[in-house]
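Here's the structure, in structure tokens; my notes come after.
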Amino acid sequence: MSKTFSTSDVSSHNKPDSLYIIVDEDVYDVTKFQDEHPGGKKILQRVGGKDASKQFWKYHNDSILKKYQGKLQVGSLDSKPKAEPAPEPVKEEPKAQPAPEAGTASVEPTAAAEEEVEVLDQYGDMIPFADPSWYQTFPSPHFNQSHADLREEVRDWVEEKIMPYIDEWEEAKRIPEEIYKEVGQKGWLAGLMGAEYPRHLVSNTVKSVPPEKWNQFHELIITDELARVGSGGFVWNVLGGFGIGCPPVLKYGKKELVDRIMPGILNGDKRICLAITEPDAGSDVANLTCEAKLSEDGKHYIVNGEKKWITNGIWADYFTTAVRTGEGGMNGISVLLIERSAGGVETKRMDCQGVWSSGTTFVSFDDVKVPVENLIGKENKGFRVIMTNFNHERIGIIIQATRFSRVCYEESVKYASKRETFGKKLIEHPVIRLKLAEMARQIEATYAWLEQVIYQASHMDETEAMLKLGGPIAGLKAQSTRVFEFCAREASQIFGGISYTRGGRGAKIERLYRDVRAYAIPGGSEEIMLDLSMRQSMRVHKILGMKL
Ligand code: HEM
34 MSKTFSTSDV SSHNKPDSLY IIVDEDVYDV TKFQDEHPGG KKILQRVGGK
84 DASKQFWKYH NDSILKKYQG KLQVGSLDSK PKAEPAPEPV KEEPKAQPAP
134 EAGTASVEPT AAAEEEVEVL DQYGDMIPFA DPSWYQTFPS PHFNQSHADL
184 REEVRDWVEE KIMPYIDEWE EAKRIPEEIY KEVGQKGWLA GLMGAEYPRH
234 LVSNTVKSVP PEKWNQFHEL IITDELARVG SGGFVWNVLG GFGIGCPPVL
284 KYGKKELVDR IMPGILNGDK RICLAITEPD AGSDVANLTC EAKLSEDGKH
334 YIVNGEKKWI TNGIWADYFT TAVRTGEGGM NGISVLLIER SAGGVETKRM
384 DCQGVWSSGT TFVSFDDVKV PVENLIGKEN KGFRVIMTNF NHERIGIIIQ
434 ATRFSRVCYE ESVKYASKRE TFGKKLIEHP VIRLKLAEMA RQIEATYAWL
484 EQVIYQASHM DETEAMLKLG GPIAGLKAQS TRVFEFCARE ASQIFGGISY
534 TRGGRGAKIE RLYRDVRAYA IPGGSEEIML DLSMRQSMRV HKILGMKL
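According to our numbering, the sequence shown holds residues 34 to 581 in order.
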């Protein structure tokens with residue numbers, strides 16, 4: 034692979050029986066590949082022996098190059114600069130600061146401000162608004178070097194292990210099992226509990242952040258960076274069932290149960306999901322009918338009923354399940370941890386519009402025997418367990434939807450900066466810049482509200498957060514999914530036909546467009562969220578002394 038070629042060496046490989054091309058000063062042997070090239074062999078033969086960088090970047094993204102590099106690259110051009118050995122560390126020169134535009138006020142930061150805020154090195158592609166501003170040298174009170182290190186840890190893994198394969202996995206409607214295991218082994222799953230890092234329950238902790246430094250902004254980074262893949266199916270496959278099914282068990286389960294099952298789940302060996310929604314009870318949780326009756330000897334609950342749209346259900350070993358143990362309405366609901374190994378649990382994959390690789394499932398329980406020790410929280414007090422869990426679940430949805438909006442925006446900026454129409458790059462048309470600006474302003478406003486809510490949640494106990502943040506988080510959930518829907522639509526208009534077909538350059542946009550409803554409906558539909566945001570906030574502010 035390390036062979037060096039001159040351009041005239043390469044130019045002699047210009048026939049179908051020996052076909053080389055150059056992309057970014059690297060040389061690729063596409064002789065065997067030409068027959069399987071999805072864009073056809075003729076197009077490759079036309080650039081045989083030549084520099085095809087411009088044509089390559091017109092039709093592909095960098096994950097394609099990464100995926101095929103190992104297989105097809107045979108060397109590099111002699112003109113390509115050799116990789117330099119790592120330079121000796123040098124004393125940091127102060128960074129050049131952009132000068133203010135004429136006519137704007139420039140305020141020097143005070144000494145106190147300098148002390149409080151750690152400005153981190155720039156990171157990522159530096160496209161404005163395509164990453165949160167703290168990635169791009171803007172100060173933030175919430176993030177420090179440990180967050181930057183975690184960001185790099187997750188992003189490197191995503192770029193190498195996920196991005197190049199995601200289109201195939203989505204079409205196959207599953208993610209290889211070892212990917213989920215890896216997320217557990219890296220200690221990331223254990224960091225997603227909306228609580229202190231459960232060090233005592235895991236064998237490995239996160240490489241870049243010691244457990245005692247863990248906070249909810251680290252949790253934000255894991256979900257945000259995984260969502261850069263641009264696939265709700267992927268994020269839900271690795272975090273979906275776990276992120277909502279596990280916290281109730283950890284927070285309200287009996288110690289023996291937690292000690293027995295939690296290490297296997299957090300280390301990625303076993304899977305768990307949350308089973309609340311039923312064919313007849315979606316957002317209206319208080320009316321669920323799946324029934325659990327105590328056995329005569331008082332040692333077991335016998336569970337019968339159905340659950341629908343259960344993320345990860347087909348692969349789950351454990352089901353954190355809402356059941357009816359008492360009277361109708363919210364005061365007769367309990368939560369049970371149901372183990373598949375008990376028997377009587379049947380799971381069937383459901384075909385859905387979006388999030389294909391997440392394993393949306395129809396679950397039936399037929400006389401399943403559940404030990405009373407598996408009761409999560411108190412009998413008939415499950416509604417509270419479910420409600421406290423909702424804040425955490427919704428924050429997860431908001432993080433994902435907001436990053437998906439950024440992905441739509443980022444892909445659009447990149448595409449619009451390359452594609453030419455009517456003699457100009459797309460981005461040079463004001464009508465396209467207007468679309469990008471509309472996306473960016475909504476993304477940034479949503480992310481700022483998200484940071485605020487995460488900060489507040491991490492400074493309140495669970496009951497205070499349930500009461501005071503229930504309203505704002507519901508409103509923000511609706512905000513984030515509406516922005517996502519808007520960005521998916523606008524990106525699709527910018528990409529045109531190539532985001533209407535599956536695969537290729539528009540793959541992320543086509544997929545995310547299909548995933549929108551999976552964010553706008555579950556976890557509380559937009560309509561219920563907006564109504565709740567007002568009802569709950571009015572109730573809380575009445576207690577806080579609201580004057581009308
Ligand atoms: C290392 C060399 C190349 C590799 C590994 C490669 C790989 C691929 C792959 C995997 C696709 C499927 C679409 C996707 O998943 O994004 C594709 C599509 C395509 N490729 Fe290539 N390609 C190479 C070089 C080229 C070159 C040099 C050209 C143009 C001269 C080209 C033109 C196309 C076209 C037109 C499509 C169809 C795009 C669409 O459907 O929108 N490819 N290629």
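All C-beta atoms, glycine included, are put in the ideal place defined by N, C-alpha and C.
On the criterion of 16 or more Cβ atoms from any shown chain inside 10 Å, does R79 qualify as buried, or is it exposed? exposed
Assuming D164 is part of the beta strand (DSSP E), what are its boundary residues? Premise fails: D164 is in no beta strand (DSSP E) and is neither H nor E.
What residue does the beta strand (DSSP E) around H333 start on, and which one ends it? H333 to T344
Note down the Cα distance separating I527 from V191, rounded to an integer number of angstroms. 26 Å
DSSP three-state assignment for S391, whether helix, strand or coil: helix
Please work out which residues of its chain come closer than 8 Å, Cβ to Cβ, to G331, disregarding the five sequence neighbours upstream and downstream, and give them in chain order. V405
Taking the alpha carbon of K3 as the point to measure from, which residue in C385, Y448, R544 and V152 has its own alpha carbon closest? In the structure as shown, the chain begins at 34 and stops at 581. Residue 3 is therefore absent and cannot be evaluated.
Apply the 10 Å Cβ neighbour rule to T37 and answer buried if 16 or more other Cβ atoms are within range, or exposed otherwise. exposed
Take Q67 and list the residues in its own chain whose beta-carbon comes closer than 8 Å to its own, dropping the five residues that flank it on each side. P49, L52, K74, L77 and Q78
Would you kindly work out how many angstroms separate the C-alpha atoms of L98 and G536, rounded to a whole number? 15 Å
Can you list, in chain order, the residues of its chain whose CB lies under 7 Å from that of Y480, leaving out five sequence neighbours each side? P165 and T435
Between the CA atoms of L110 and K447 - distance to the nearest angstrom: 27 Å
Flag R79 as yes when its Cβ comes closer than 8 Å to any non-hydrogen atom of ligand 1, and as no otherwise. yes
Express the C-alpha separation of M363 and K194 in angstroms, rounding to a whole number. 44 Å
Please return the same chain residues whose Cβ sits closer than 8 Å to the Cβ of A163, not counting the five positions on each side in sequence. G157, R439, Y442, E443 and V446
To the nearest whole angstrom, what separates the beta carbons of E379 and D350, a pair I think is in contact under 8 Å? Actually they do not touch by this definition, with Cβ atoms about 15 Å apart.
How many angstroms separate the CA atom of D87 from the CA atom of D95? For clarity, residue 87 is Lys in the given sequence; the question names Asp instead. When rounded, the distance between both Cα atoms is 13 Å.
Under a three-way DSSP split, which group does V242 fall into? coil
Where N320 falls: helix, strand or coil (DSSP): helix
Taking the alpha-carbon of E360 as reference, which of G415, P312 and E210 has the nearest alpha-carbon? G415
Going by C-alpha distance, which of E204, K287 and G297 is nearest L217? First, the residue type needs correcting, since residue 217 is Gly and not Leu in the sequence shown. The shortest C-alpha separation from G217 is found at G297.
Classify P404 as helix, strand or coil using the three-state DSSP reduction. strand
On the DSSP bridge list, what partners appear for R417? In the DSSP output, where bridge partners are listed per residue, R417 has none listed.
How would you write the range of the beta strand (DSSP E) that C306 sits in, first residue to last? I305 to A308
I believe P280 touches N422 by the beta-carbon criterion, under 8 Å. Please report the beta-carbon distance rounded to the nearest angstrom. 6 Å
What does the alpha-carbon distance come out to for the pair T354 and L222? 20 Å
Quick one, which of G429, G265, P197 and P114 has its alpha-carbon nearest A490's? G429
Mark E329 as exposed unless 16 or more other C-beta atoms lie within 10 angstroms of its C-beta, in which case mark it buried. exposed
Measure how close the beta-carbons of C323 and R357 come, nearest whole angstrom, since I'm counting them as under 8 Å. 7 Å
Is the Cβ-Cβ distance between V403 and A325 less than 9 Å? yes
Straight-line Cα distance separating T454 from R232: 55 Å
On the three-state DSSP scale, how would you describe R184? helix
Residue of I371, H492, K381 and A375 minimising C-alpha distance to L408: I371
Could you check if P555 is buried or exposed, using at least 16 other CB atoms within 10 Å of its CB as the buried criterion? buried
Determine the direct distance from the alpha carbon of D292 to that of S236, and round the result to whole angstroms. 13 Å
Does DSSP put F176 in a helix, in a strand, or in coil? coil
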